[in-house]
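Chains A and B are the protein sequences, given in the same order.
For the first sequence, this note's numbering assigns the number 1 to the initial residue and increments by one for each residue that follows.
For the second sequence, this note's numbering assigns the number 135 to the initial residue and increments by one for each residue that follows.
All residues carry an ideal CB built from backbone N, CA and C; glycine is no exception.
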Amino acid sequence: MSFCLGGEAGKEGGMTPQLKIFAVLVAVLLLAVIVDLVRRRLLREEYSWLWILAGLFILALAAMDYEHMVEVGRFFGGIMPSTILYLFAILLLVVINIHFSVKISALHRQVKNLAQELALLQERALQKRRAGDG
Amino acid sequence: MNTGGQPQGYAVLVPAFEEAGRIGAVLDEIGAETGPGVEIVVVDDGSRDETAAVALGRGATVIRLPFNLGYGAALQTGYKYALEKGYRFVIQMDADGQHDPAYIHPLLDAVATGGADLALGSRFLGEGDYRMPLARRAFVRVIREVVRLLTGQRVTDPTSGMQALGERALRFYATDAYPIDFPDADVLLMLHARGMRFVERPVRMRPSVKPAPMHGGLRAVYYVFKMCLSILVVLLRGRSGEGGGNDSAA
Chain A
1 MSFCLGGEAG KEGGMTPQLK IFAVLVAVLL LAVIVDLVRR RLLREEYSWL WILAGLFILA
61 LAAMDYEHMV EVGRFFGGIM PSTILYLFAI LLLVVINIHF SVKISALHRQ VKNLAQELAL
121 LQERALQKRR AGDG
Chain B
135 MNTGGQPQGY AVLVPAFEEA GRIGAVLDEI GAETGPGVEI VVVDDGSRDE TAAVALGRGA
195 TVIRLPFNLG YGAALQTGYK YALEKGYRFV IQMDADGQHD PAYIHPLLDA VATGGADLAL
255 GSRFLGEGDY RMPLARRAFV RVIREVVRLL TGQRVTDPTS GMQALGERAL RFYATDAYPI
315 DFPDADVLLM LHARGMRFVE RPVRMRPSVK PAPMHGGLRA VYYVFKMCLS ILVVLLRGRS
375 GEGGGNDSAA
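Now the structure itself:
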């Protein structure tokens with residue numbers, strides 16, 4: 001596995017100190033941005049919780065020490081610690097997108113019903129007015 | 135011309151999108167067939183042309199959706215209106231002149247006195263296969279077989295836009311369970327799962343120059359996917375009916 005990487009990266013299973021620091025920083029930044037968006041009412045809590053969970057999860061993974069990561073890697077048949085990080089980040093993105101699709105489906109249904117009710121209401125009002133004049 | 139709200143009678147439902155050129159003639163034809171006492175409901179699906187004005191000029195009831203929602207949603211708007219008005223039967227037709235009003239009464243009779251909940255006007259009854267691309271024809275055959283096996287009924291034209299509905303079908307179609315993107319054979323399976331009966335009657339259709347949305351390449355792929363998934367889901371749901379997320383019935 002590590003034979004395909006040159007230099008320092010090979011010894012740390014792809015998880016160089018630089019990558020670790022970067023991942024931790026990004027995760028912290030993500031959490032800060034999400035919380036701030038919620039604070040400014042630009043993001044609803046119901047959408048934020050999955051992102052916060054994702055951020056915390058990435059943070060935990062990135063901060064995990066090397067030996068534990070190797071153990072996790074073994075569970076998956078010996079993949080590198082950095083691969084684990086990317087794997088879970090992608091999985092989380094998939095889950096978040098499914099969450100959005102579910103929300104969008106509900107919104108679609110609501111919009112349809114609203115548009116129909118609006119059209120029907122206008123007709124109801126028109127017929128009432130006509131009946132009043134007639 | 136419109137009386138609106140004849141509780142024992144029926145209404146004609148015509149969903150329309152950008153049909154200002156043709157709908158006038160269509161409404162005249164329908165009116166000639168039904169007589170002046172019958173309400174014709176045009177659902178204008180967000181047309182930007184004069185469709186609504188033309189229909190109003192012919193004395194139709196026009197329900198205008200604020201933006202385009204699609205054929206199924208436009209139909210559903212009409213179903214909701216009909217139920218609100220207390221109609222027991224609805225006959226639906228397309229606004230492009232493809233459907234012949236002469237078949238209005240045979241279809242209505244099938245639901246009014248024939249005991250069916252839904253009567254489909256089929257182009258293909260007794261006429262063999264419509265000219266369709268080979269792959270599409272094969273797929274439609276598969277769909278027909280699935281429907282026949284599951285419901286014991288032969289269906290030759292499940293997507294026919296010319297249909298008569300009885301009250302039970304109307305009530306069901308007004309719920310969120312109705313598939314608004316491609317009402318098709320899967321709806322028939324849903325009807326069957328709720329103990330409703332559908333029949334077919336032969337109708338003749340006139341050729342229309344409408345750009346058949348089913349035949350666009352990508353749409354055709356989506357159609358196949360959608361039908362497979364939809365039928366699978368209907369089978370999985372069995373009699374239990376709708377899934378989550380129903381915040382509006384009729």
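### Query
For A/Leu-42 and chain B, any beta-carbon pair shorter than 8 Å?
It does not: the Cβ of A/Leu-42 has no partner Cβ on chain B nearer than 8 Å.
#### Entry: For A/Ile-79, the three-state DSSP class (helix, strand or coil)
The answer is coil: DSSP assigns A/Ile-79 none of H, G, I, E or B.
### Outcome for B/Gly-300 when other beta-carbon atoms lying within 10 angstroms are tallied against a minimum of 16
When all chains shown are included, B/Gly-300 counts as buried.
### Query
Going by alpha carbons, who is nearest to B/Gly-206 out of B/Asp-251, B/Val-176, B/Pro-313?
Comparing Cα-Cα distances from B/Gly-206 to each of B/Asp-251, B/Val-176, B/Pro-313, the minimum goes to B/Pro-313.
### Query
Quick one: which chain B residues come within Cβ less than 8 Å of A/Gln-138?
Residue 138 of chain A is absent from the structure shown; chain A starts at 1 and stops at 134.
### Under the three-state DSSP convention, the category A/Leu-126 falls into
Correct three-state label for A/Leu-126: helix.
### Message
Buried or exposed for B/Pro-119, going by 16 or more other Cβ atoms inside 10 Å?
### Response
The first residue shown for chain B is 135 and the last is 384, placing residue 119 of chain B beyond what the model contains.
#### Entry: Reduced DSSP secondary structure (H/G/I, E/B, other) of A/Met-1
The predicted model places A/Met-1 with a pLDDT of 49, which falls under 50 and marks its position as unreliable, so this point remains unresolved.
### Message
At a CB distance below 9 Å, what residues from the region 302-326 of chain B approach chain A? Give them in sequence order.
### Response
Those residues of the region 302-326 of chain B that come within reach of chain A (Cβ to Cβ, closer than 9 Å) are Asp-310, Ile-314.
### Task
Would you grab the beta carbon distance between B/Leu-251 and B/Leu-325 for me? Rounded to a whole angstrom, and I think it's under 8 Å.
Rather than Leu, the amino acid found at residue 251 of chain B in this sequence is Asp. With 8 Å as the limit, B/Asp-251 and B/Leu-325 qualify as a contact, their Cβ atoms being about 7 Å apart.
### Query
To which residues of the same chain is B/Ser-364 closer than 7 Å at the C-beta, ignoring the five residues directly before and after it?
Once the five neighbours on either side are set aside, the close Cβ partners of B/Ser-364 are Pro-313, Asp-320.
### Query
Hey, is B/Glu-218's beta-carbon within less than 8 Å of any beta-carbon in chain A?
Interface residue, yes.
### Query
Helix, strand or coil for B/Ala-150 per DSSP?
Correct three-state label for B/Ala-150: strand.
#### Entry: Span of the beta strand (DSSP E) around B/Ala-311
It is not in any beta strand (DSSP E) - B/Ala-311 carries neither H nor E in the DSSP assignment.
### Message
I'd like to check one pair, B/Val-337 with B/Asp-183: are the Cβ atoms closer than 8 Å?
### Response
It is not a contact, given that the beta carbons lie outside the stated cut-off.
### Message
Measuring straight from C-alpha to C-alpha, what distance separates B/Ile-277 and B/Phe-258?
### Response
If you take the alpha carbons of B/Ile-277 and B/Phe-258, they lie about 15 Å apart.
### Query
Does B/Thr-168 come within less than 8 Å of chain A when only Cβ atoms are used?
Contact with chain A is absent for B/Thr-168, since none of that chain's Cβ atoms lies less than 8 Å from the residue's Cβ.
### Query
Looking at C-alpha atoms only, which residue of B/Thr-185, B/Val-160, B/Lys-214 is the closest neighbour of A/Arg-124?
Of the listed residues, the one whose Cα sits closest to A/Arg-124 is B/Lys-214.
### Query
Taking the alpha-carbon positions, what's the B/Ile-174 to B/Thr-290 distance?
Going by the C-alpha atoms only, they are around 27 Å apart.
### Message
Contact defined as beta carbons within less than 8 Å: I believe B/Val-160 pairs with B/Gly-248. What is the distance between those atoms, to the nearest angstrom?
### Response
Between B/Val-160 and B/Gly-248, the beta carbon gap of about 26 Å keeps them out of contact (Cβ cut-off 8 Å).
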